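For reference, the structure is listed below as structure tokens.
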Amino acid sequence: MSATASTYQHLIVNVIAQKVTVLEWVEGFYEERVYEGEQAIASPIFPELQLTAAQVLQNC
Numbered sequence: 150m151s152a153t154a155s156t157y158q159h160l161i162v163n164v165i166a167q168k169v170t171v172l173e174w175v176e177g178f179y180e181e182r183v184y185e186g187e188q189a190i191a192s193p194i195f196p197e198l199q200l201t202a203a204q205v206l207q208n209c
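The numbers in the numbering used here rise by one with no breaks, and the one at position 47 of the sequence shown is 196.
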């Protein structure tokens, strides 16, 4: 899937649960992906993004 101007994506950082949730708008619905620890966060909007959930959470 290629990112377009109509691609919507939200990142939710839950410091208490130590999780990063990515919501991506696909064909009228949000698809949810949850990342923890050293899992790399995948983003079709920013494919060059090289961050893990742990890296995002360490600065919160």
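Each residue gets a CB set at the ideal place from its N, CA and C atoms; glycine is no exception.
Keep in mind the model is a prediction, meaning the values are calculated, not measured.
Beta carbon of residue i, beta carbon of residue j: below 9 Å?
i	j	result
L160	V205	yes
E185	A202	yes
Just to confirm the assignment, what range does the beta strand (DSSP E) spanning residue i have?
i	result
V205	That residue, V205, is in no beta strand (DSSP E); its alpha helix (DSSP H) goes A202 to L206.
I161	Q158 to N163
Sort out for me which residues DSSP pairs residue i with in a bridge.
i	result
E181	L172
L191	Sequence inspection shows Ala at residue 191; the Leu mentioned does not correspond to that position. The partner list for A191 (beta bridge, DSSP) is empty, contrary to what the question assumes.
How would you label residue i, buried or exposed, when you count the other beta carbons within 10 angstroms and need 16 or more for buried?
i	result
V183	exposed
V175	exposed
V169	buried
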